[in-house]
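**Student:** First to last, the sequence lines map onto chains A and B.
The numbering used here numbers the first residue of the first sequence as 6 and each following residue consecutively.
The numbering used here numbers the first residue of the second sequence as 6 and each following residue consecutively.
Here a beta-carbon is modelled for each residue, glycine too, at the ideal position from N, C-alpha and C.
2 protein chains.
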Amino acid sequence: MAIVLAVDIMSGDHGVNVTVPACVAFLQKNPDVKLILIGDRDTIYKYIGNSLSKYSDRLEVVHSTQVVDMDEAPQLAMRNKKDSSMRIAINQVKDGKAHAIISAGNTGALMAIARYVLRTMKGIDRPAIAKLLPTIKGEVCVLDLGANVESSPEHLLQFGIMGTQLMKAVTHKPSPSVGILNIGSEEIKGHEGIKKATELFKKSNLNFYGNVEGDDINKGTVDVVVCDGFTGNVALKTIEGVAKMISFFLKEEFTNSTLSKLMAVISYPVLNRVKQRLDPRKYNGAVLLGLNGLVIKSHGGADEIAFYYALEQAYHEVNAGVLNLLEGFLNQHKELLDDKDDSKKELAEFKYLNML
Amino acid sequence: MAIVLAVDIMSGDHGVNVTVPACVAFLQKNPDVKLILIGDRDTIYKYIGNSLSKYSDRLEVVHSTQVVDMDEAPQLAMRNKKDSSMRIAINQVKDGKAHAIISAGNTGALMAIARYVLRTMKGIDRPAIAKLLPTIKGEVCVLDLGANVESSPEHLLQFGIMGTQLMKAVTHKPSPSVGILNIGSEEIKGHEGIKKATELFKKSNLNFYGNVEGDDINKGTVDVVVCDGFTGNVALKTIEGVAKMISFFLKEEFTNSTLSKLMAVISYPVLNRVKQRLDPRKYNGAVLLGLNGLVIKSHGGADEIAFYYALEQAYHEVNAGVLNLLEGFLNQHKELLDDKDDSKKELAEFKYLNML
Numbered sequence: 006m007a008i009v010l011a012v013d014i015m016s017g018d019h020g021v022n023v024t025v026p027a028c029v030a031f032l033q034k035n036p037d038v039k040l041i042l043i044g045d046r047d048t049i050y051k052y053i054g055n056s057l058s059k060y061s062d063r064l065e066v067v068h069s070t071q072v073v074d075m076d077e078a079p080q081l082a083m084r085n086k087k088d089s090s091m092r093i094a095i096n097q098v099k100d101g102k103a104h105a106i107i108s109a110g111n112t113g114a115l116m117a118i119a120r121y122v123l124r125t126m127k128g129i130d131r132p133a134i135a136k137l138l139p140t141i142k143g144e145v146c147v148l149d150l151g152a153n154v155e156s157s158p159e160h161l162l163q164f165g166i167m168g169t170q171l172m173k174a175v176t177h178k179p180s181p182s183v184g185i186l187n188i189g190s191e192e193i194k195g196h197e198g199i200k201k202a203t204e205l206f207k208k209s210n211l212n213f214y215g216n217v218e219g220d221d222i223n224k225g226t227v228d229v230v231v232c233d234g235f236t237g238n239v240a241l242k243t244i245e246g247v248a249k250m251i252s253f254f255l256k257e258e259f260t261n262s263t264l265s266k267l268m269a270v271i272s273y274p275v276l277n278r279v280k281q282r283l284d285p286r287k288y289n290g291a292v293l294l295g296l297n298g299l300v301i302k303s304h305g306g307a308d309e310i311a312f313y314y315a316l317e318q319a320y321h322e323v324n325a326g327v328l329n330l331l332e333g334f335l336n337q338h339k340e341l342l343d344d345k346d347d348s349k350k351e352l353a354e355f356k357y358l359n360m361l
Numbered sequence: 006m007a008i009v010l011a012v013d014i015m016s017g018d019h020g021v022n023v024t025v026p027a028c029v030a031f032l033q034k035n036p037d038v039k040l041i042l043i044g045d046r047d048t049i050y051k052y053i054g055n056s057l058s059k060y061s062d063r064l065e066v067v068h069s070t071q072v073v074d075m076d077e078a079p080q081l082a083m084r085n086k087k088d089s090s091m092r093i094a095i096n097q098v099k100d101g102k103a104h105a106i107i108s109a110g111n112t113g114a115l116m117a118i119a120r121y122v123l124r125t126m127k128g129i130d131r132p133a134i135a136k137l138l139p140t141i142k143g144e145v146c147v148l149d150l151g152a153n154v155e156s157s158p159e160h161l162l163q164f165g166i167m168g169t170q171l172m173k174a175v176t177h178k179p180s181p182s183v184g185i186l187n188i189g190s191e192e193i194k195g196h197e198g199i200k201k202a203t204e205l206f207k208k209s210n211l212n213f214y215g216n217v218e219g220d221d222i223n224k225g226t227v228d229v230v231v232c233d234g235f236t237g238n239v240a241l242k243t244i245e246g247v248a249k250m251i252s253f254f255l256k257e258e259f260t261n262s263t264l265s266k267l268m269a270v271i272s273y274p275v276l277n278r279v280k281q282r283l284d285p286r287k288y289n290g291a292v293l294l295g296l297n298g299l300v301i302k303s304h305g306g307a308d309e310i311a312f313y314y315a316l317e318q319a320y321h322e323v324n325a326g327v328l329n330l331l332e333g334f335l336n337q338h339k340e341l342l343d344d345k346d347d348s349k350k351e352l353a354e355f356k357y358l359n360m361l
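1) Give the interface partners of A:Arg-84 over in chain B, defined as CB-CB distance under 7 Å, in chain order.
2) Using a threshold of 8 Å, state whether the C-beta atoms of B:Val-229 and B:Gly-165 are closer than that.
3) Shortest alpha-carbon distance to B:Ile-376 belongs to which of B:Asn-35, B:Glu-77 and B:Leu-115?
4) Alpha carbon to alpha carbon, how far is B:Glu-322 from B:Met-360? Give it in angstroms, no decimals.
5) Decide if B:Pro-132 is buried, meaning its Cβ has at least 16 other Cβ atoms within 10 Å, or exposed.
6) Less than 6 Å between C-beta atoms, sequence neighbours within five positions excluded: which residues of the same chain meet that for B:Asp-18?
7) Pick from B:Ala-30, B:Asp-47, B:Val-38 and B:Asn-297: whose alpha carbon is nearest that of B:Met-15?
8) Listing by chain order, which chain B residues have their CB less than 8 Å from the CB of A:Ala-248?
9) Give a yes or no on whether 8 Å exceeds the smallest Cβ distance from B:Gly-219 to chain A.
10) Could you check the C-alpha separation between B:Asn-35 and B:Tyr-60 for me, to the nearest Å?
11) Quick one: measure Cβ to Cβ for B:Ile-106 and B:Val-300, integer angstroms, because I've assumed they're closer than 8 Å.
12) For the alpha helix (DSSP H) containing A:Val-9, name the first residue and the last one.
13) For A:Glu-155, does the three-state DSSP call read helix, strand or coil?
14) If you reduce the DSSP assignment to three classes, tell me which class B:His-160 lands in.
15) Does any residue of chain A bring its CB to less than 8 Å from the CB of B:Tyr-204?
16) Give me the DSSP bridge partner(s) of A:Ile-106.
17) Name, going along the chain, the residues of the stretch 125-154 of chain A whose beta-carbon falls closer than 9 Å to a beta-carbon of chain B.
18) I'd like to know whether the C-beta of A:His-338 is nearer than 8 Å to at least one C-beta of chain B.
19) Does the count of Cβ pairs from the stretch 180-191 of chain B and the stretch 132-141 of chain B closer than 8 Å reach three?
20) Which residues in chain A have a C-beta closer than 8 Å to the C-beta of B:Asn-223? List them in chain order.
21) Going by beta carbon distance, what residues of the same chain come within less than 6 Å of A:Ala-82, once the five residues before and after it are set aside?
22) I need the DSSP call for B:Tyr-60, collapsed to helix, strand or coil.
23) Identify the continuous alpha helix (DSSP H) that holds B:Val-29 and give its terminal residues.
24) Assuming B:Gly-246 and A:Ile-222 are in contact, meaning their beta carbons sit under 8 Å apart, how far apart are those beta carbons, in whole angstroms?
25) Is it the case that the Cβ atoms of B:Asn-297 and B:Leu-123 are separated by a distance below 8 Å?
26) Determine which residues share a DSSP beta bridge with B:Asp-146 and list them.
27) By DSSP's criteria, B:Ala-291 is part of a beta bridge. Which residues make up the other side?
28) Using a Cβ-Cβ cut-off of 8 Å, state whether B:Thr-236 counts as contacting chain A.
29) Are A:Ala-7 and A:Ser-303 closer than 8 Å when you measure CB to CB?
30) Below 8 Å between beta carbons: does that hold for A:Leu-293 and A:Ile-134?
31) Please state the DSSP three-state secondary structure of B:Ser-69.
32) Using 8 Å as the limit for Cβ to Cβ distance, is B:Ala-240 near chain A?
33) Could you pull the start and end residues of the alpha helix (DSSP H) that B:Leu-330 belongs to?
34) Compute the Euclidean distance between the alpha carbons of A:Val-67 and A:Glu-340, then round it to the nearest angstrom.
35) If I follow the unbroken alpha helix (DSSP H) through B:Ser-252, where does it start and stop?
36) Helix, strand or coil for B:Lys-39 per DSSP?
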């Protein structure tokens, strides 16, 4: 069966300028993929040009009249934008027409609408935003990256379960290791919540490494780093900031004289390989884990290449069967999870959505 | 008047092997400095060799019989190690014999003992660990880096005040800008505590920029980044991790073939300049701010060069009059601070020390 991806074509800072060319390139590269493009029909037709007929059997356009603004309040987007490209795209997954949805839109609105439309999986209280990042040894999955500001020990355990299944699916490691992000300062070893979470992880059947520190993320000490969304978001942005600073220093030093410039030209092949390895566009595409459907969030400022990689990420995760694996694990390990009755969970869900 | 620094010579992973040569190099470089070396007298004499007579007028040795272990519980170190090099070194500052104390020892014990011996400044409830880090535009001061796991909005304001005065003193900027570290995820803009702190900063006469994100640290968006100690510690360690990963990638790519190695040789001058700019040893020396005395914490694993830079940092901060500036500000702006009576503060201090 072909993999079908629903794409919120109107999303991101650059909208169709970026999303449509990325989709066309993606169709060309992956002959087993079908794309559903959701957005303003006329605009899509205008941007897609000749490719429409070329890929007519693997390309569907679904018209929508609204767009969720990048800074729109999630609760307003949810209430007033029922015909937005974002919502209609998510509906494709809910209706079983697509295996995953990709959007470069407003993160808060995407999370709120996806959660409302798709609901959280049985056994998961809070979805988390997860991302793969480069390390010295391969890739690491970090979560949560900002879906929740504060996380209970139980939530952290659920993040650990989700991250483990994601890494198992995409890296084929039989038992990915998990660490809880903590501080190593000798005086006080972390929050109370982390201590409790550590106990829960120890009792679980996850491959628990123990607590890790900030430098362990890119060292590749573990396959999965679990943290609350506040800490995870700060760490993720900090990584971006350091990488930019170092690139800036390299550029500055390699262009500060004619001789330096000559060295840059000579070393170009090596410098380019390093640049390629660090290119954040290759790591574009965070996944909203814990929902009954695969939702991929591209960076809002993504260019064509970056958006292409978000599509790749979605494709790869559908192909690897991430959600099936996670669902299977949750069904088999109910003892690890809170046995909240559904009415309580619905209430929590409702409260969360009101908080937005 | 000569600047006098008290050095806990027995501290750090490498002890006298590192601290003594760094002190000798420092004396040679700075003819206006006097050092008090605290530790086992015989060991010091053995390691210092001929330099003792050479710098006899600027070098004093104070004997101590105990050493605080790197992993010793702070409360035990405080109770049982009254004749430790760390404690005697801190006493030098308390007794007015030295302007600052430098130790590469156990952070928790250093904080606990320094806090007990020197007490917090009037107006400051909690000391913070602050560090200068490189950015695209110069340097940024980040605090707290782990002295406190959780921080109230009032504590964050106090960190902002301390960071501002530190940067004013060392960079001579008339009005350093301050940002509160937060997350930019659209759905939920940070903890309640950060929202309250934002209000306090707005009302203060600090040069408040607003909230910043993780990537703003190394972008140099602001001069001072304020955060709780948990987040700060994670960010600091994450920065170290990314820098190591990128160095690793550069090294790997520049050594993976004979041709690459040749390029590395040709580009050496430029690569070396970048390496110099990023050398974490140059940024060694965090300051425990908010105490009645200047306490500088060197990285435990510091080598001779790194420990030298921690001495430089202490020298620079004494020279810049950081504590006087901070004390002056606190006296002039009592309206910004909680008017806790001293008994309450003593109680909090006692509670804190018991927590360790």
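**Tutor:** The relevant details are as follows:
1) Simply none; closest approach about 15 Å.
2) Going by C-beta atoms, B:Val-229 is nearer than 8 Å to B:Gly-165.
3) Outside the shown range of chain B, which is 6 to 361, sits residue 376 of chain B, and nothing can be said about it.
4) The pLDDT assigned to B:Met-360 is 48, lower than 50, so where the model puts this residue is not dependable; a value taken from the coordinates is nonetheless given after this. Straight-line Cα distance between these residues: approximately 30 Å.
5) In summary, B:Pro-132 is buried, with 16 or more beta-carbon neighbours lying within 10 Å of its beta-carbon over all protein chains present.
6) Correct list, in chain order: Gly-305 and Gly-306.
7) Considering only B:Ala-30, B:Asp-47, B:Val-38 and B:Asn-297, the residue with the shortest C-alpha distance to B:Met-15 is B:Asp-47.
8) Residues of chain B passing the Cβ test: Val-247 and Ile-251.
9) Yes, B:Gly-219 counts as interfacial toward chain A.
10) Cα to Cα, B:Asn-35 sits roughly 11 Å from B:Tyr-60.
11) B:Ile-106 to B:Val-300, Cβ: 5 Å. Contact.
12) Residue range 8-13 is occupied by the beta strand (DSSP E) that includes A:Val-9, with no alpha helix (DSSP H) assigned at that position.
13) Here A:Glu-155 carries a coil assignment [DSSP, helix/strand/coil].
14) The DSSP-derived three-state label of B:His-160 is helix.
15) Contrary to the premise, residue 204 of chain B reads as Glu rather than Tyr in this sequence. At a cut-off of 8 Å between beta carbons, B:Glu-204 makes no contact with chain A.
16) The secondary-structure analysis by DSSP pairs A:Ile-106 across a beta bridge with A:Ala-11 and A:Val-300.
17) Hits within the stretch, in order: Ile-134, Pro-139, Thr-140, Ile-141, Leu-150, Gly-151, Ala-152, Asn-153 and Val-154.
18) No, no contact with chain B.
19) Touching, no.
20) Listed along the chain, the chain A residues whose CB falls inside 8 Å of the CB of B:Asn-223 are Thr-243, Gly-246, Val-247, Lys-249 and Met-250.
21) If the five residues before and after A:Ala-82 are omitted, its C-beta is found closer than 6 Å to the C-beta atoms of Val-73 and Ala-114, all from its own chain and listed in chain order.
22) In the structure shown, the three-state DSSP call for B:Tyr-60 is coil.
23) Counting along the chain, the alpha helix (DSSP H) containing B:Val-29 begins and ends at 21-34.
24) Indeed, because the Cβ distance is near 6 Å, the residues count as touching under 8 Å.
25) Yes, the pair counts as a contact, with Cβ atoms nearer than the cut-off.
26) Per the sequence shown, residue 146 of chain B should be read as Cys rather than Asp. DSSP output for B:Cys-146 lists B:Leu-137 and B:Val-229 as bridge partner(s).
27) Per DSSP, B:Lys-302.
28) It does: the Cβ of B:Thr-236 has a partner Cβ on chain A nearer than 8 Å.
29) For the 8 Å CB-CB criterion, A:Ala-7 and A:Ser-303 do not form a contact.
30) Yes.
31) The answer is coil: DSSP assigns B:Ser-69 none of H, G, I, E or B.
32) Cβ-Cβ to chain A under 8 Å: yes for B:Ala-240.
33) Segment 327-337, the alpha helix (DSSP H) holding B:Leu-330.
34) One alpha carbon belongs to A:Val-67, the other to A:Glu-340, and they sit about 43 Å apart.
35) Note, B:Ser-252: alpha helix (DSSP H), 234-259.
36) B:Lys-39 falls in the strand class under three-state DSSP.
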